[in-house]
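Residue numbers (my numbering), protein chains in the order written: chain A, 1 to 156; chain B, 157 to 259. Note that CB positions come from ideal geometry on N, CA and C, so glycine has one too. Below you'll find the structure, written out as structure tokens, and then a few comments.
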């Protein structure tokens with residue numbers, strides 16, 4: 001808890017100061033972010049989802065398009081694209097790598113006018129499933145795909 | 157030192173695809189320094205905000221498992237002339253921000 005308030009404090013002074021100086025953002029928009037330490041520190045996918053969304057029960061959905069390579073030559077840079085733009089009311093998209101030391105990789109929250117689409121590059125420790133979890137209309141949906149990793153990307 | 161961001165945006169049918177490349181080591185804190193046997197200290201971007209004309213559209217949280225020099229592609233509803241801003245902050249207090257005007 002201490003760390004979170006510390007983070008919040010540095011964010012408030014750091015990011016907000018930069019943004020305000022540049023006249024780009026109001027401080028409140030920057031402060032909206034509160035890094036979920038518990039979810040990102042979780043060692044299991046279900047625990048991470050529990051801390052992030054308050055539930056870990058997900059339904060499979062064919063409307064989520066998860067684009068990931070079948071074989072990643074370099075686990076440190078695995079391109080992942082999650083396209084849930086067909087779904088309505090997308091609130092959040094998370095990307096998880098189930099067998100990473102901490103599975104939760106990133107979480108994107110969307111305002112009503114944003115499109116449920118995220119493209120990024122993640123690190124993967126070994127061959128495993130990449131899981132995309134989409135929260136739409138208060139429910140969790142998921143899609144997953146196995147990615148074979150020839151060189152791990154988490155330390156060593 | 158502020159975090160450097162390169163950005164590009166393209167509008168297609170009322171939706172802008174915004175691509176950002178961020179220069180950052182994204183050190184997760186788990187990688188070992190083989191010489192000293194100690195881990196490299198964690199330094200990664202944990203907060204990313206995408207705003208259109210000053211209004212927050214996407215608010216992302218990252219962990220150290222996002223690749224170094226992260227790439228982020230997102231889509232937002234926008235029209236010509238709108239200002240898209242990406243603001244990032246890392247766990248050590250470093251920040252960076254970049255704006256582009258869509259055309």
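Please say whether residue 200 (chain B) and residue 120 (chain A) have beta carbons closer to each other than 8 Å? no
Among B:162, B:241 and B:176, nearest to residue 212 (chain B) - alpha-carbon criterion: B:241
Quick one: residues in its chain with C-beta nearer than 8 Å to the C-beta of residue 191 (chain B), no 5 flanking neighbours on either side, listed in chain order? none
Measure from the alpha carbon of residue 45 (chain A) to the alpha carbon of each residue in A:131, A:141, A:136 and A:145, then state which is nearest. A:131
Hey, out of B:182, B:231, B:193 and B:244, whose CA is closest to residue 113 (chain A)'s CA? B:231
Buried or exposed for residue 209 (chain B), please, with buried defined as at least 16 other CB atoms from any protein chain shown within 10 angstroms of its CB. exposed
Could you pull out every residue in the same chain whose Cβ sits closer than 7 Å to the Cβ of residue 122 (chain A), ignoring the five residues on either side in sequence? 78, 80, 95, 97 and 105
Under 7 Å, CB to CB, which of the residues in the stretch 59-83 of chain A have a partner in chain B? 76 and 77
Beta-carbon of residue 129 (chain A) versus every beta-carbon of chain B: anything under 8 Å? no
Below 8 Å CB to CB, which residues in the same chain sit around residue 108 (chain A) once its five sequence neighbours on both sides are set aside? 92, 93, 94 and 118
Kindly say whether residue 123 (chain A), judged by its beta-carbon, lies nearer than 8 Å to any beta-carbon of chain B. yes
Proximity test, Cβ basis, 8 Å: residue 200 (chain B) and chain A: no
Residue of B:197, B:234 and B:257 minimising C-alpha distance to residue 169 (chain B): B:234
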